[in-house]
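Numbering (my numbering), first residue to last: 252 to 381.
If you want it as C-alpha cells, here you go:
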C-alpha cells in the first residue's frame, strides 16, 4: 500500500486582494474580501492506494503526531485495508511515520513496512503522481 499526506491551502497566497462586486459597484469597500494576517489556513488529507483500489480520503485537523497517526489513520484505515492480504506498507519519512510508537504499532499488527525509505524521494512513491 502506497500512502501519503498532502496539505492544501484554503486561500491563495499571491498577495492580491479579492473583489466581489456587481456592475456599478466599482469602489465599494464592502466588496473587498477580508485579508487574513497569516493566510486562509490549510487542510491536510491522507490517502492510500493498492493494486486493488484506494482507501478513504482522511481529513487531518491540526498537526499529525505519532499518536494521532496511529489513532486516526493506521488503526481505522491501514489495518483493515491490509488485514489478510499480502501487502507491504509504504510511508514517507515524516516524523509521525518514523516515531518509535508508530513502528511498534505496525510491528504489533503484523504490517510489513518498506524500510529504509530514501529521504527526499517522493518520486519513488506512485501516490505522489495522482
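Yeah, the Cβ is synthetic: ideal placement off N, Cα and C, and Gly gets one too.
Which whole-angstrom value describes the C-beta separation of residue i and residue j, a residue pair presumed to lie in contact below a C-beta threshold of 8 angstroms?
{"i": "residue 293", "j": "residue 261", "result": "6 angstroms"}
{"i": "residue 319", "j": "residue 295", "result": "Not really, about 11 angstroms apart at Cβ, beyond 8 angstroms."}
{"i": "residue 299", "j": "residue 328", "result": "7 angstroms"}
{"i": "residue 255", "j": "residue 376", "result": "6 angstroms"}
Helix or strand or just coil, what does DSSP make of residue i?
{"i": "residue 260", "result": "strand"}
{"i": "residue 310", "result": "strand"}
{"i": "residue 353", "result": "helix"}
{"i": "residue 329", "result": "helix"}
{"i": "residue 324", "result": "helix"}
{"i": "residue 300", "result": "strand"}
{"i": "residue 341", "result": "strand"}
According to the neighbour-count rule (16 or more other Cβ atoms, all chains shown, within 10 Å of its Cβ), is residue i buried or exposed?
{"i": "residue 322", "result": "exposed"}
{"i": "residue 372", "result": "exposed"}
{"i": "residue 324", "result": "buried"}
{"i": "residue 357", "result": "buried"}
What residues in its chain sit with their C-beta under 8 angstroms from that of residue i, if we drop five residues either side in the sequence?
{"i": "residue 229", "result": "There is simply no residue 229 to check, as the chain begins at 252 and stops at 381 in what is shown."}
{"i": "residue 333", "result": "252, 340, 362"}
{"i": "residue 365", "result": "339, 340, 341"}
For residue i, tell me which candidate among the options has the shortest Cα-Cα distance.
{"i": "residue 316", "options": "345, 332, 326", "result": "345"}
{"i": "residue 367", "options": "336, 348, 311, 297", "result": "348"}
{"i": "residue 336", "options": "273, 274, 302, 310", "result": "302"}
{"i": "residue 378", "options": "358, 274, 306", "result": "306"}
{"i": "residue 369", "options": "357, 276, 342", "result": "342"}
{"i": "residue 326", "options": "274, 352, 313, 273", "result": "352"}
Note down, in chain order, each residue of its chain lying with its Cβ closer than 7 angstroms to the Cβ of residue i, except the 5 sequence neighbours on either side.
{"i": "residue 308", "result": "296, 298"}
Please list, in chain order, all residues of the same chain as residue i whose beta carbon is under 6 angstroms from its beta carbon, the five residues on each side excluded.
{"i": "residue 350", "result": "317"}
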